[in-house]
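All remarks here apply to the structure that follows.
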Amino acid sequence: MRARLRTLDPHLLWVLLALMALGTLTLYSAGRNTPQAGIWLKQGLWNLLGLTLMVLLAAVDPRRILRISFPAYLLGLVALAAVLVVGRKIGGATRWFVFAGQTFQPSELMKWITLLYVSYRLGTRAPETVGRWELLGSAGLVAFPMLLVLKQPDLGMALSFLPILLLIPLMKGLKWRWVLLLVVGVSVGGVFGWRHVLKPYQKQRVMIFLDPSADLQGKGYQVNQSRIAIGSGGLFGKGFTSGSQTQLNFLPVKTTDFAFSVWAEERGFLGVLFVLGLFGLLLTRLLDAASQARTSAEAYFCAGAAAIFAMHLMVNVGMVAGALPNKGMVLPFFSAGGSSTLSFFLALGLVMGVLHRAKVK
Amino acid sequence: MEPRQRVLLQRRLGVFRALAWGLVLVLGSIYAWLQIVRHGEFKQLALQQAVKVRPIPAPRGLILDRNGYRLVDNRRALHLVIQREDLPTKPDVVEALAQALQMDPAALARKIQAYRAAGKGSPLVLKENMDEADIAVAERVRSRFPFLSMEVAPRRVYLGDELAGHVLGYVGEVDDDLMKAKPGLYHLGETIGKDGFEASGNDRLKGVDGQKRILVDQLGQEVASFGQVDAVPGHTVFLTLDAGLQKVLQDAFGEEAGAAVVLDLRDGGVLAMYSSPSYDPNLFLNRLSQEMVDRYLRNPARPMINRATQGIYAPGSTFKLLIALAGLEKGVITPQTVIYCSGKKNFYGRDFRCDKPTGHGALNLVQAIAQSCDVYFYEVASRLDIDDIYATAAKYGLTVPTGIDLPREKAPRIPSREWKRKAVPRDPKWYAGETISVGIGQGAVGITPIALARFYALLATKGRLLTPHLFLGLRDDQTNALEPAPPPIARDAPLDPKLWSVLDEGLSEVVRSGTAAANPFVLEIAKEIPFAGKTGTAQVATFVDKAHYARQAKHLKDHALFAGYAPRDRPQIAFAVVVENAGFGSTAAAPIAAKVVKYWCVDRFSNPLPPPRGRLVDPFSPEQPQQSPEAP
Chain A
1 MRARLRTLDP HLLWVLLALM ALGTLTLYSA GRNTPQAGIW LKQGLWNLLG
51 LTLMVLLAAV DPRRILRISF PAYLLGLVAL AAVLVVGRKI GGATRWFVFA
101 GQTFQPSELM KWITLLYVSY RLGTRAPETV GRWELLGSAG LVAFPMLLVL
151 KQPDLGMALS FLPILLLIPL MKGLKWRWVL LLVVGVSVGG VFGWRHVLKP
201 YQKQRVMIFL DPSADLQGKG YQVNQSRIAI GSGGLFGKGF TSGSQTQLNF
251 LPVKTTDFAF SVWAEERGFL GVLFVLGLFG LLLTRLLDAA SQARTSAEAY
301 FCAGAAAIFA MHLMVNVGMV AGALPNKGMV LPFFSAGGSS TLSFFLALGL
351 VMGVLHRAKV K
Chain B
1 MEPRQRVLLQ RRLGVFRALA WGLVLVLGSI YAWLQIVRHG EFKQLALQQA
51 VKVRPIPAPR GLILDRNGYR LVDNRRALHL VIQREDLPTK PDVVEALAQA
101 LQMDPAALAR KIQAYRAAGK GSPLVLKENM DEADIAVAER VRSRFPFLSM
151 EVAPRRVYLG DELAGHVLGY VGEVDDDLMK AKPGLYHLGE TIGKDGFEAS
201 GNDRLKGVDG QKRILVDQLG QEVASFGQVD AVPGHTVFLT LDAGLQKVLQ
251 DAFGEEAGAA VVLDLRDGGV LAMYSSPSYD PNLFLNRLSQ EMVDRYLRNP
301 ARPMINRATQ GIYAPGSTFK LLIALAGLEK GVITPQTVIY CSGKKNFYGR
351 DFRCDKPTGH GALNLVQAIA QSCDVYFYEV ASRLDIDDIY ATAAKYGLTV
401 PTGIDLPREK APRIPSREWK RKAVPRDPKW YAGETISVGI GQGAVGITPI
451 ALARFYALLA TKGRLLTPHL FLGLRDDQTN ALEPAPPPIA RDAPLDPKLW
501 SVLDEGLSEV VRSGTAAANP FVLEIAKEIP FAGKTGTAQV ATFVDKAHYA
551 RQAKHLKDHA LFAGYAPRDR PQIAFAVVVE NAGFGSTAAA PIAAKVVKYW
601 CVDRFSNPLP PPRGRLVDPF SPEQPQQSPE AP
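Here the protein sequences line up with chains A and B, keeping their order.
Each residue of the first sequence is one higher than the one before, counting from 1 in UniProt numbering.
Each residue of the second sequence is one higher than the one before, counting from 1 in UniProt numbering.
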């Protein structure tokens, strides 16, 4: 056991434990006086299970895991297809398998498997030998599970696959004309999409994002209440379990998407800075792992993991503050949820394995 | 990994690192903006939605009769309401709610709009005074519309039902017109008196609403309460009414229309006032049903009008006392003046007929009053100018409203030259022939029963012009005893004792041997308790002869009047009775007055009528309606 623990990276571990503790406390406060009063305990158990899996995975040579990434990818695609057929429909979306009373969301794990497989494919070639078609193929590997997730439908989750594409500039570098092309493409696509693709309710969502106060009782309600919670928290916050927005239930879905608003209300701007700092350290450590990795594939995986965490951080923390559209994307260690928690820990286990092998080398 | 590739990778990872901390910086700035720069604004919003001010309605004071019997009580009732901040905004929600409660969606939407526009005030009441079936429905509807809430509120109960409908009036929500007429005085949804003493005594009865600040959750449910300011209950008020005497009037009128007033000669207090048909104020506490609109508002008998203070009737022969007074004071007759009645007399080329076609023969003033001879008073009137009559009426308070503490009292109509110029611009000239009709209380003369009663009170008191009133005093909260209020001022308009004794003699002869004595019931009571009064018969339409009159429909028949005071020696009460379309004053109105005299002078001591008892049973009150008097 002692040998097992030595495979863990202490910097990453401390950051992780701190985020876990703060997240669980936040859930305790968010669940008080609601039917979900025990959710912090449940999340604590998921965290412990996740930690255990992380320790186990850290001891495995990442190269062995990378090698089985193709079959895992295929299996993941099958699971995503299967969930559309036999999955449980909750709130209009078919995202969950039900197993032993627990719901399981295969897409959470699938984005890490996709990252793993893409890293493996790109990492086993010298960058110069990888051509345009090869890169397009890799993009296709990301797009395929994304489309299956979109079909559920789960736009937020589908978006969290996008950071994997950052591996391409990481490998091949970036030319300015590509950036220009991207900007033009997104603008044209945006206009076209607004005119011909988006359904009225989707357009309405965008409009509400642009001006949440226009529809206070309807779609803009959640974000508006979240902004009130954050803003009224001030510099020092209202104190643990003392946030009026949280405790009087004005803040919606506060144990999942809006958990960070609870933290911001009760701990204030200083608390927000502290957590953002912890996430900054987490991302830094993941990128450290990428630069120290023995192989390209391992490096790509670690950098991709940083990109995915950053995406979650940006979309969730930005969304609850009203700076980004209201898209369901969880904040790691804060939002309650079994599938996402386990997936984050598994990914971090792999990263720890990479760091350990790099030191042993 | 080749070294060259590792170098490139490191460089690109450096960009990633910068981007990661850049992200942290941007997110941090957004939160700094919200939590530091805009902190005050959001703090205000958070407080606004969590802390609410709720009014605590003050219980309205009770209304008691002069003996302390309850006329108006409070019971608890459940209302279905929407708190002001929970008013739904979406049209489809409003429509669904209207459907669930079987209300008109457009009307509901308008009401919600009005309540939203008015900043603060009472909650919007959707359904009031719910019974058990209503509550079951409301609970079902509430599960679909969580913004609805139930509120316990005091409800008025008028224990006598129709006993004193017009006098007590009823309460309701303040209406838009009043809010506009007196801005700032009322708040939307406030309960105020709408009619009767509930309206005129509103300031005494209403009390001061309290308020509390409460912490509410997202569903608007109270989590905690703080900063409570208790309501100050309204004063409980004693009225001058005597519930038993009021009951005598109610029973005496039965199905007949009309009005009667009984005044206390000591201070002008109204001992009884009944307007028939009466109304039941309890029915006006709920939204008007079609049945009620038909019964009260569209009824040709106009039961909503208080005939005692708003009904203008030709006084008929009851007006002869004023003519006699005018003639005596002006000197055109003396108490001994004898005038011959042949059944009719010609003035200005027109025959004026006496009620007795064969004629009364030679009469002095006392006999003329007792027999109600028209010719005698035609003659007196012919010797007077209309403006003399008006001046006498003005001197004895007959030209203005009496000033009773009830809303919308009308002034009597006493004609004069100036009056005709204004009222009949087509024919502004006053003709002497018109004065002859005024001599017997016909023509343009119109008078309210309350004003007539006050005039006879003046005769009874030899010249005190009392101000009729209903407010007797407040109840002391500690002892529950009456704290009498000083009665409103009375004016002295003294009568010459010599002239007065002639009038008094004439009025008592009416009952003893004259027109009223023709009724055996009246005669019998007058033998027991001598009293004074004058019959009157006011024409509603003109007829060729008596046979023609007898054939006419009820609503064209004459109004019967009787006004007087009792007992004759040391009078205590004055009264006026009008019975519409009932024929002669002696047959219809005098017996009602006789019943009043009998009850007030005899029966109220030996055989008092029981106090009014509530017909309504309050399902929410464990307390039974109180039956014993409160005051000693």
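The C-beta atom is built at its ideal place from N, Cα and C for all residues, glycine as well.
Predicted model, so just to flag it, every value in this text is computed and none were measured.
- Taken through DSSP and simplified to helix, strand or coil, V86/A comes out as helix.
- Inside the stretch 103-188 of chain A, DSSP marks whole alpha helix (DSSP H) runs of 4 or more residues at positions 106-123, 132-150, 155-159, 167-172, from first to last along the chain.
- N74/B is bridged by DSSP to R156/B.
- Distances from the CA of R11/B to each of G268/A, Y120/A, G193/A, L170/A were compared; the closest alpha carbon is that of L170/A.
- Listed along chain B are D217, Q218, L219, each with a C-beta nearer than 9 Å to that of N249/A.
- Taking the beta carbon of S244/A as reference, the chain B residues within 7 Å of it are A46, A50, listed in sequence order.
- Residues of the stretch 165-188 of chain B whose Cβ lies closer than 7 Å to any Cβ of chain A: none.
- Under the 8 Å Cβ criterion, the stretch 163-170 of chain B counts as touching the stretch 188-205 of chain B, having at least three qualifying pairs.
- Using a 10 angstroms sphere on the CB of K422/B, the tally of other CB atoms stays under 16, which defines it as exposed.
- Annotated three-state conformation of W263/A is helix, per DSSP.
- With respect to the C-alpha of L249/B, the residue from F575/B, I389/B, R350/B, A393/B having the closest C-alpha is F575/B.
- The beta carbon of I525/B lies closer than 7 Å to those of A594, V597, K598 in the same chain, with the five residues before and after it left out.
- Within the stretch 299-347 of chain B, complete alpha helix (DSSP H) segments of at least 4 residues are found at 307-310, 320-330, given in chain order.
- Taking each of L325/B, L23/B, A58/B in turn and checking the Cα distance to V152/B, the smallest one comes out for A58/B.
- Proximity to V315/A across G190/A, L159/A, L56/A, Y117/A peaks at L159/A, based on C-alpha coordinates.
- Shortest Cα-Cα distance from N129/B to any of H555/B, T435/B, L80/B involves L80/B.
- At a cut-off of 8 Å, the C-beta of H469/B has no neighbouring C-beta in chain A.
- Around L276/A, the beta-carbon contacts reaching into chain B at under 7 Å are V24, L27, G28.
- DSSP places H166/B in the uninterrupted alpha helix (DSSP H) bounded by 165-168.
- Only residues of its own chain outside the window of five on either side were considered, and among them P277, Y279, Y296 have a CB closer than 6 Å to the CB of P303/B, listed in chain order.
- In this structure, the beta-carbon distance from S232/A to E265/A falls below 8 Å.
- Between P62/A and the set W133/A, T295/A, L162/A, the nearest pair of CA atoms involves T295/A.
- Residue contact with chain A for R38/B: present (Cβ-Cβ distance below 8 Å to some residue of chain A).
- I592/B is positioned such that its CB atom lies no closer than 8 Å to that of L263/B.
- Measuring C-alpha to C-alpha distances from S317/B to each of V141/B, A326/B, K534/B, Q35/B identifies K534/B as the nearest.
- Scanning the stretch 464-529 of chain B from its first residue to its last, the whole beta strand (DSSP E) runs of 3-plus residues come out as 471-475, 482-484.
- Along the stretch 260-284 of chain A, going in chain order, the ones with a CB nearer than 8 Å to a CB of chain B are A264, G268, F269, V272, L273, L276, G277, F279, G280, L283, T284.
- Shown here for L466/B: same chain residues with a beta carbon closer than 6 Å to its own, the five before and five after excluded, namely G268, A457, A490 in chain order.
- No residue range can be given for H555/B, since it is assigned to no alpha helix (DSSP H) and is classified by DSSP as neither H nor E.
- S339/A is outside the set of residues whose beta carbon lies under 8 Å from a beta carbon in chain B.
- Secondary structure note for A93/A: its beta strand (DSSP E) is the uninterrupted segment 93-99.
- By alpha-carbon distance to E190/B, the top candidate from P55/B, L474/B, L322/B is P55/B.
- With fewer than 16 other Cβ atoms from the protein chains shown falling within 10 Å of its own Cβ, L17/A counts as exposed.
- At a cut-off of 8 Å, the C-beta of E190/B has no neighbouring C-beta in chain A.
- Among the bridge pairs identified by DSSP, K52/B is matched with I214/B.
- In the three-state reduction of the DSSP assignment, V223/B falls in the strand class, which pools E and B.
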